[in-house]
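Notes to accompany the following structure.
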Amino acid sequence: MAETSSRTGLLSKNVRQVIDEAVKKYPEGRQRSAIFDALREVQHENKGYLTVELMDAVADYLRLEPIKVYEVATFYSMFETRPVGRHSISVCTNISCMLRGADDIVAYIEKKLGIKTGESTPDGRCYLKREEECLAACAGGPMMMIDHKYYENLTPEKVDKILEGLK
Amino acid sequence: MSTTAEMPLTEQPVNIEIDGKTVKARKGEMIMQAADREGVYIPRFCYHEKLSVAANCRMCLIEAEKAPKPLPACATPVAEGMKIFTRSQRAMAAQRATMEFLLINHPLDCPICDQGGECELQDLAMGYGRDIARFSERKRVIRDENIGPLISTFMTRCIYCTRCVRFGMEIAGIQELGDTGRGEHSRIGTYVGRSVDHELSGNVIDICPVGALNSRPFKMHGRGWEMTRHETVSPHDCVGSNLYGHVLRGKLMRTVPRPNEAVNETWIADRDRFSYAGVYSADRLERPMLKQNGGWHEVDWETALAAAAKILRSVNGDAGMLASPGSTTEELYLLQKLARGLGIHSIDTRLRQADFRDDEFEPLFPWLGQSIEDLERLDTAFIIGSNLRKEVPLLAHRIRKAALRGAAVMFLNPRRYEFLFPLTAYRSADAYTLPAELAAVLKAAANTAGKPLPVHLKDFVQAQASQAEHEKIAAQLLQGKCQGILLGRLALSHPAYADLRMLAAALADVTGAKLGYISEGANSSGAWLAGAVPHRVSGGRKAALKGLDARAMFTEARKAYVLMGVEPELDCWDGAAALDALQKASVVAVTPFVTDTMKRYAAVLLPVCSFGETSGTYVNAEGRWQSFAGMAKPVGEARPGWKILRVLGNLCELEGFEFVSSEEVRAELKQTLADIAPDNRFKGTRILSAEPPARGFKRVAEIPLYSVDMLVRRSAPLQATHDADAAWVLLSPVDAGKLGITENARVALQHAGARITLPAKLDDSVQSGNVFLPAGIAATAGFAPLYAGVELERA
């Protein structure tokens, strides 16, 4: 796919490849469907969050109006549209985990990191997501996901160890 | 969009029952469409007949027999034997429940909301809402964005019908508004706080069912129920969009679309919607003025008219008359009658045309060659010299509809313009080579079709080399079954317009396409029919004595001029020549507005009614006569143009100026128009000769969307838009590099001793050697002709 503006210069070679592959999965003219893949990769390369400039670059690369990209980025909770900490921590608070004490785990993490959900630590290390719906690990509740990795059967001690392991 | 609406009702009918009444419906159509046709109103917010079905407001829930739950009427297709109940207990309960949900977050601010009194939500809440809210929690509030000078936002009132979003995607062709966020955090907006710039964007004000999107210039100016509504016609382009003017205590407060499927459907361009703001511009001429002893004095009408008549009678026919193509047919008819009665044969409205070599062979009027509706049925369209979107937005909309249906749309233009629909071919070439480019297409078409070229064109056409792109355009035109060739404004102002016309006509002949003209102003057609051209009298009959055309009447200076609604330095092909000639002559300016420039050259200023203040008729490009009455009280002592001209006729002691109404004027003109039919076939046999190219950089003038006439130039909201930010010189990066000109650097342009400076924009689409310098704006007023050689350097 040809470049349509200088703004696409913000996209790495890898991102372009990912987008090109994604576009191929859909019928011609339906490149809008590739926004999701594109944003996931862009966010991954940009310390876990998206900027308007990057979203514009994706829009230009896909030849779409930027608003179409903003719509996707703001709809899905896995996309961040403001700077956040390096490590994204999501504690499941859905029914199974809740019954197993997820709310206490959230409170414990908040206290330990000194932040509320939706905030990042001042050193930019951790970001505690506002809420997370069921991650399909009910058998291991309470559970959390950090940077796409699952941690199950959480206890305060376990949480301490996991958090200390984060660089 | 559904195409079932076009299917005749007799084809594959489905029998259904709506509220106990048996009716026929089209197979595949939605319950809503059938109910609307039968006059059964089902409440709705998100459904709009011109937009795709979203089915997200749920207000149109109805009960259908055997269906386990209420169904949305807008998204449920009819089926044989279906029994529909729109007002059953179950349907009403569903509608009431939906209304209650919609009102949860809607503020109760109707008393301060501009939509109050014309609000779909307010109306339906009267019918379906509860009088007491059960929702006692907090309502969500949304911070507003500034989306530009035309549309005001109050998004807390939004009910997320997404009509505005779908309008952008489906009608405008570019999505500027979107729905970001999710659930309770979702909001309609641009997300980044930019302006909404599309030339049809104002239509979202009408389709918004609540007070979220409103007219910014009209904000807090009046209430729907205090104003009187009048039918009128837009004075800006050759579509003749149907409007309603809303008048409060004699003042025109706003204009909104008047639906007419054949003309503007339910849309109007922003230019039609917001130009009314110019009517009350501060430079409105309120009283007649006379130049006496070197100074200007306000005088009474008698004195002013007598002075004007004295000038006209004293010059022995050595005068020129120029009128805006936005003048009414009645005014133009009387103007030419006055002129010819006084032995003045130089009368014209073709202000921005330069090449009149063939005008005796021109058609009866600059006809579109087909109806406006026919444009969307074209399977092949070839448009020459037009930035259609910014010239006539609603014609671009029709062409877009054709393109989305699969029509091949092709352009031959001096540079690349953005069109929001698929293009089959786009040929961009040096503006001055357009005739040669067109000839190359003609050559390819004639070769492929095996048809002979007309003898008078042969040598020129044969001399051109057809490239692949020319051949593609030719092949498409030959393939089509319903093809149209249109000439736009950049062609119209071209120094070799006559050649372009001749070549386009020959191409139409060879390919079987219809040839059409996209004329200037609202009433070029009316001007031709009324005889406001130097070579034809009313009814298209040849004038016994041919006068000078709009260009020649300045190069061959006259002793006196009458200008009607014209600012020559902005509206004429060669503004500088015009000002020169006017300076040395006695000028009677019939004008709604007065400028310092006017005061320099004029002898008499007669205040004439502006848009909305006079009755009259416009004839649009398809030849449709649309009459309207005056609606607003004229500002100051302004008088309708036809009355001014009638009295001038009387004062000049001419016969046949006894009209007591504009209808009588129209009736007299209509008598001369019996059995004439437009025909765009070209009958001339002139030998083609390419114009010598201009020296220096070749200037091409675009007329910005909001600079086309006196009125739009004075509309403050339109002048605050991005489209009005036009005071730039566009040049190719290659030329700029050679001259050391960078983006935004000031560039000095010179032509015939005049010098202006403007900031530069470097644009890949500009051909090397061309320079695009807009006309109709203050920065280039009275500078060089629309096409001319100019010297260029870094300022």
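From first to last, the protein sequence lines stand for chains L and S.
My numbering numbers the first residue of the first sequence as 1 and each following residue consecutively.
My numbering numbers the first residue of the second sequence as 1001 and each following residue consecutively.
Cβ coordinates follow ideal geometry from the N, Cα and C atoms, glycine included.
Predicted model only: the values in this text are computed from it and were never measured.
Original post:
Can you tell me whether DSSP reads Cys1057/S as helix, strand or coil?
Top reply: coil
Subject >> Terminal residues of the alpha helix (DSSP H) in which Val159/L lies >> reply: Pro156 to Glu164
Original post:
Counting along the chain, where does the beta strand (DSSP E) carrying Thr8/L start and finish?
Top reply: Where Thr8/L is concerned, there is no enclosing beta strand (DSSP E), given that its DSSP letter is neither H nor E.
**OP:** Have a look at Asn1523/S and Val1566/S and give me their C-alpha separation to the nearest angstrom.
**Re:** 14 Å
**OP:** Please decide whether Thr1190/S counts as near chain L, where near means a Cβ-Cβ distance under 9 Å.
**Re:** yes
**OP:** Please say whether Ala1727/S and Pro1759/S have beta carbons closer to each other than 9 Å?
**Re:** yes
Subject >> Element boundaries [alpha helix (DSSP H), containing Gly1616/S] >> reply: Premise fails: Gly1616/S lies in the beta strand (DSSP E), Gly1616 to Val1619, not in any alpha helix (DSSP H).
**OP:** Verify the CB distance criterion: does Pro1785/S have a CB-CB separation below 9 Å to chain L?
**Re:** no
Subject >> Where Lys68/L meets chain S, residues with beta-carbon distance less than 8 Å >> reply: Gln1175 and Gly1178
**OP:** Within 10 angstroms of the Cβ of Gln1479/S, are there 16 or more other Cβ atoms? Answer buried if so, exposed if not.
**Re:** exposed
Original post:
Applying the criterion that 16 or more other CB atoms from any shown protein chain within 10 Å of the CB defines a buried residue, is His148/L buried or exposed?
Top reply: exposed
Subject >> Three-state secondary structure (DSSP) of Gly1181/S >> reply: coil
**OP:** State the DSSP-derived secondary structure class of Pro1013/S, mapped to helix, strand or coil.
**Re:** strand
Original post:
Over what stretch of residues does the beta strand (DSSP E) that includes Glu1791/S continue unbroken?
Top reply: Tyr1787 to Arg1794
Original post:
In chain L, which residues lie less than 9 Å from Arg1182/S when you measure between Cβ atoms?
Top reply: Thr74, Phe75, Tyr76 and Ser77
**OP:** Say whether the segment 1340-1351 of chain S touches the segment 1469-1484 of chain S, bearing in mind that this needs 3 or more beta-carbon pairs closer than 8 Å, one atom from each stretch.
**Re:** no
Subject >> Under 7 Å from the C-beta of Val52/L: neighbouring residues of chain S >> reply: Val1192
**OP:** Could you round the C-beta distance between Ser1386/S and Leu1503/S to whole angstroms and report it? I think they count as a contact, below 8 Å.
**Re:** Contact flag wrong, Cβ pair sits at about 16 Å.
Subject >> Length of the line joining the Cα atoms of Val1590/S and Asp1300/S >> reply: 15 Å
**OP:** Specify whether the segment 1368-1377 of chain S and the segment 1615-1622 of chain S touch according to this definition: at least 3 beta carbon pairs, one from each stretch, less than 8 Å apart.
**Re:** yes
**OP:** With a threshold of 16 other CB atoms inside 10 Å of the CB of Val1461/S, please say whether the residue is buried or exposed.
**Re:** buried
**OP:** Using a threshold of 9 Å, state whether the C-beta atoms of Ser1324/S and Met1564/S are closer than that.
**Re:** yes
Original post:
In chain order, which continuous runs of the beta strand (DSSP E) of length 3 or greater are located wholly inside the segment 1053-1099 of chain S?
Top reply: 1061-1064 and 1083-1085
Original post:
When DSSP labels each residue in this structure, what does Thr1266/S get in the three-state scheme?
Top reply: coil
Original post:
Who are the neighbours of Glu71/L on chain S, taking C-beta pairs under 7 Å?
Top reply: Gly1178, Asp1179 and Thr1180
Original post:
Given Tyr220/L, which residues of its chain have a CB within under 6 Å of its CB, disregarding the five upstream and five downstream residues?
Top reply: Residue numbering for chain L in the displayed model covers 1 to 167; residue 220/L lies beyond these limits and cannot be assessed.
Original post:
Should Glu65/L be flagged as near chain S, meaning a C-beta pair shorter than 9 Å?
Top reply: yes
Subject >> Between the CA atoms of Thr51/L and Arg82/L - distance to the nearest angstrom >> reply: 7 Å
Subject >> Collapsed DSSP secondary structure at Trp1728/S in the structure displayed >> reply: coil
Subject >> For Gln1750/S, the residue or residues it bridges with in DSSP >> reply: Arg1755/S and Glu1791/S
**OP:** Please report the Cβ distance between Leu1412/S and Ile1399/S, rounded to the nearest whole angstrom; I am assuming they are in contact, meaning their Cβ atoms lie under 8 Å.
**Re:** With 8 Å as the limit, Leu1412/S and Ile1399/S do not qualify as a contact, their Cβ atoms being about 14 Å apart.
Original post:
Going by beta carbon distance, what residues of the same chain come within less than 6 Å of Ala38/L, once the five residues before and after it are set aside?
Top reply: Ile19 and Val58
Subject >> Per-residue DSSP class, three states only, for Ala73/L >> reply: helix
Subject >> Touching by the beta-carbon criterion (3+ pairs, under 8 Å), the segment 1103-1116 of chain S and the segment 1201-1214 of chain S >> reply: yes
Original post:
To the nearest whole angstrom, what separates the beta carbons of Gly992/S and Pro1072/S, a pair I think is in contact under 8 Å?
Top reply: Since the first and last residues shown for chain S are 1001 and 1795, residue 992/S lies out of range.
**OP:** Please look up how many angstroms separate the CB atoms of Glu53/L and Leu11/L, rounded, as I've assumed it's under 8 Å.
**Re:** 11 Å between Cβ atoms; not a contact.
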